[in-house]
Structure formats: structure tokens, C-alpha cells
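Encoded as C-alpha cells, the structure appears first; notes follow it.
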Amino acid sequence: MHFCDFVLNKLQKVVDNVFLCGYYKGATNVKKKSQMLKGAFAMDWLDVKGKTVIVTGGSSGIGAAIVEELCELGINVVNADLREGSFTHENLLFSQTDVTSPESVEQTVATAVEKFQTIDAVVNNAGINIPALLVDEELTEGGKFQINEQIFNKMIAINQKGVYLMGQAVGRVMVKQGYGVIINMSSECGLEGSEGQSVYAATKAAVNSFTRSWAKELGKKGVRVVGIAPGIMEETGLRTIEYETALAYTRGITVEQLRAGYSNTKTIPLGRDGKLSEVADLVAYFVSGRSSYVDGVTVNVAGGKTRG
6 MHFCDFVLNK LQKVVDNVFL CGYYKGATNV KKKSQMLKGA FAMDWLDVKG
56 KTVIVTGGSS GIGAAIVEEL CELGINVVNA DLREGSFTHE NLLFSQTDVT
106 SPESVEQTVA TAVEKFQTID AVVNNAGINI PALLVDEELT EGGKFQINEQ
156 IFNKMIAINQ KGVYLMGQAV GRVMVKQGYG VIINMSSECG LEGSEGQSVY
206 AATKAAVNSF TRSWAKELGK KGVRVVGIAP GIMEETGLRT IEYETALAYT
256 RGITVEQLRA GYSNTKTIPL GRDGKLSEVA DLVAYFVSGR SSYVDGVTVN
306 VAGGKTRG
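Numbered by our numbering, the letters in the sequence shown go through residues 6 to 313 in order.
Below you can see the structure in the form of C-alpha cells.
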């Protein structure tokens with residue numbers, strides 16, 4: 006018997022024994038069993054069960070996918086968002102949070118420490134995107150699609166100030182502990198720029214600089230800082246008609262053409278858009294000790310589309 010066949014045979018016996026022992030009584034089909042087995046192996050390999058992670062903006066989009074995966078890995082998760090999400094889990098604690106408010110952020114961090122004693126990681130995921138042009142010669146709808154102070158200040162407050170406030174509040178706890186990881190959610194446009202999304206891109210470029218600079222400051226104190234820059238991802242409820250209308254206008258196309266562009270994966274070397282779970286997988290890896298020598302970098306999850 007070849008070695009590979011031997012290993013596969015042994016692995017199949019282990020799988021069969023796991024099912025026979027009743028660990029997966031809720032798995033009624035092969036696909037479900039496969040998913041549960043994958044989760045069990047991942048939990049063992051990552052060794053993250055019992056850790057505590059704060060996720061900002063965890064009620065929707067990428068944040069919700071992160072919250073769900075971390076909970077299923079046995080991690081204690083604090084969802085810091087303005088509104089509670091639909092996902093429930095015994096390991097999940099919701100803490101209503103306005104990331105632009107120092108008082109609100111400090112209260113959430115205090116709640117996490119009081120409940121779980123430590124904070125192993127924070128995922129600075131909360132963010133907004135309001136497409137607008139630097140110059141709209143037509144001043145359509147009274148200049149609705151041109152950058153103004155309200156648009157600028159709102160995105161800076163949430164995407165940039167919110168990251169600093171939560172990073173600082175959790176950072177104090179981690180420095181005192183002597184360990185922890187700050188995970189900053191960026192975007193491929195933070196490296197590439199983006200037509201009609203210059204303010205959003207600028208805030209994400211700032212987040213990339215936070216990641217590099219904080220890593221230099223906190224590394225000697227046992228705290229790592231890393232970033233994740235998603236590219237074109239599968240559709241979520243955050244891709245509203247208002248967002249699509251604004252982005253389409255800034256690019257001189259229709260909403261229908263914009264949507265068709267999302268499905269055109271010719272510019273992506275892997276030939277498809279990304280899954281939210283693939284971002285969540287990377288977060289789980291960063292939370293684990295398996296990534297203990299990864300620090301000060303922002304990793305693109307963009308199918309090879311970007312230069313980073």
C-alpha cells in the first residue's frame with residue numbers, strides 16, 4: 006500500500022469513528038458532516054477556543070461573517086455595533102457601540118474585560134463608504150455626488166477615528182497583558198485608489214499606515230498589528246441601491262452596467278469574486294498563535310487583482 010493510500014485509509018477510519026461516537030449527531034448529510042469535521046479540525050489546528058475577540062461592525066457584511074466564524078471556533082466574541090445582528094450564539098455578546106465616541110468605545114472594552122477578563126484580539130471592521138467625486142461639473146441634485154464636508158467628516162470619523170479610538174482602548178489592555186493582536190480592516194482601494202471613492206480610499210490608506218506604525222510601537226510590548234484588504238467580494242445587504250446609484254454616477258455608467266461589472270471577473274486572476282468566509286478565515290488565522298511572526302503588514306484578499 007502506498008503511503009498516501011495508507012494515510013487516507015487511516016484518516017477515513019478516524020472520520021468514521023468520530024461519527025460513530027456521536028459527536029456529530031446533528032449532521033444528517035454528508036455535506037453537513039464534512040463542514041462540521043472541517044470546523045473541528047480547524048479549531049484544533051488554530052487552538053483559539055476560549056480566546057476573546059472584539060469585532061466592530063459585526064452585525065452585517067464582512068463583520069457578520071467574522072463574528073459567526075469566530076463563535077463557531079469556540080472564541081468569545083463581543084460584537085461592537087450600533088444595532089444587534091441576527092446571528093445568535095452562546096459565545097456571542099452584543100455591546101452597542103458608536104466607534105466615533107470615546108466614551109462608547111471605552112465602555113465596550115470595559116464590558117469585554119469584565120465579562121472575559123482578557124482581550125486577545127480586536128477586529129477594527131466598522132466602516133462606511135459614500136461614493137462622491139472631487140469635482141462634479143454638473144452639480145447633479147444640488148451637488149449630491151460631490152465631496153463636501155459632511156461626507157468627508159463622516160467617513161473620517163467612522164473609518165479612521167473609529168479605528169484609532171478602539172485600537173487605543175484595546176491597545177492599553179493588551180500592553181498591560183503583554184500580548185494581543187489588533188486586526189485593521191482595510192481595502193484594496195487603500196493601495197490602488199478608486200474612481201468615485203477617493204475619500205474612502207484615503208481612509209483605508211490611513212488605516213494601512215496605522216497598521217505599519219502601531220506594529221513598530223507595540224511589537225516590543227508583545228502586541229501585533231496586522232491588516233486585511235478585501236477586494237471585490239460577494240454581494241451583501243450593504244450594497245444598497247443608494248450606494249450603487251452614487252457609484253454608478255461617479256463613473257458615468259448606469260446601475261445595470263455597474264452590476265454587470267461586478268460579475269465581470271476578467272480583471273481578477275483567480276476569475277471570481279471573494280467569499281466573506283475567506284476574509285473570516287484570515288481573521289481566525291491572525292487571532293491564532295499560528296501567525297505569531299506576522300506583524301505590521303496588510304494582506305490583500307483580492308484574488309490576485311491588486312499589486313499588494
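Glycine is no exception: its CB is placed at the ideal position from the N, C-alpha and C atoms.
All of these numbers come straight from a predicted model, not from anything done at the bench.
- For the options Leu75, Asp286, Tyr254, the alpha carbon positioned closest to that of Thr93 is the one of Leu75.
- Taken in chain order, the complete alpha helix (DSSP H) segments of 4 or more residues contained in the stretch 243-303 are 246-255, 260-268, 281-292.
- Rounded to whole angstroms, Tyr254 and Gly224 show a C-alpha spacing of 44 Å.
- Distance from the Cα of Leu87 is smallest, within the candidate group Gly132, Gly55, Ile80, Phe121, for Gly132.
- Taking the C-beta atoms as reference points, Asp125 is found nearer than 9 Å to Val58.
- With fewer than 16 other Cβ atoms inside 10 Å of its own Cβ, Leu275 counts as exposed.
- Inter-residue distance for Gly242 and Tyr267 is about 15 Å (C-alpha atoms, whole angstroms).
- Contact fails between the stretch 281-300 and the stretch 169-177, because fewer than three Cβ pairs, one in each stretch, are under 8 Å apart.
- Within the model, the alpha-carbon separation for Phe157 versus Val204 is close to 7 Å.
- For Met190, the enclosing beta strand (DSSP E) begins and ends at 185-190.
- Note: Asn129 is bridge-paired with Asn189 in the DSSP secondary-structure output.
- Counting only residues of its own chain and dropping the five nearest sequence neighbours on each side, Thr216 has a CB closer than 6 Å to the CB of Asn189, Val230, Gly232, Thr303.
- If you check the CB distance, Lys120 and Ile135 do not come in under 9 Å.
- A residue is called buried once 16 or more other Cβ atoms fall within 10 Å of its Cβ, and Gln165 is buried on that count.
- The criterion of a C-beta distance shorter than 9 Å is satisfied by Val53 and Val292.
- For Ala220, the three-state secondary structure derived from DSSP is helix.
- At least 9 Å separates the beta-carbon of Val110 from that of Val83.
- In the structure shown, Thr208 adopts helical secondary structure according to DSSP, grouped into three states.
- Around the C-beta of Ala69, 16 or more other C-beta atoms lie within 10 Å, and the residue is accordingly described as buried.
- The Cβ neighbour count for Lys56, taken over all protein chains shown within 10 Å, is at least 16; the residue is labelled buried.
- The beta carbon of Thr259 sits closer than 8 Å to the beta carbons of Ala253 from its chain, once the five residues preceding and following it are set aside; these are given in chain order.
- The beta carbon of Gly227 is closer than 7 Å to those of Gly183, Tyr184 in its chain, skipping five residues each way along the sequence.
- Annotation for Ser109: the continuous alpha helix (DSSP H) segment containing it runs 107-121.
- One Cα belongs to Val140, the other to Ser296, and the distance between them is close to 43 Å.
- Here the alpha carbons of Ala137 and Cys194 stand approximately 15 Å from one another.
- Residue burial is scored here from C-beta neighbours: Ala115 has fewer than 16 other C-beta atoms within 10 angstroms and is therefore classed as exposed.
- Annotation for Gly309: Ile273, Pro274, Leu275 place their beta carbon closer than 8 Å to its own, counting only its chain and skipping 5 residues before and after.
- A Cβ-Cβ distance of about 13 Å is found for the pair Ala211 and Gly198, leaving them out of contact under the 8 Å criterion.
- Closest in C-alpha terms to Ala234, from the list Glu247, Val178, Gln122, Asn129, comes Asn129.
- Assignment of Ile67 by DSSP, reduced to helix, strand and coil, places it in the helix class.
- Residue state for Asn96 is assigned as coil, using DSSP reduced to three classes.
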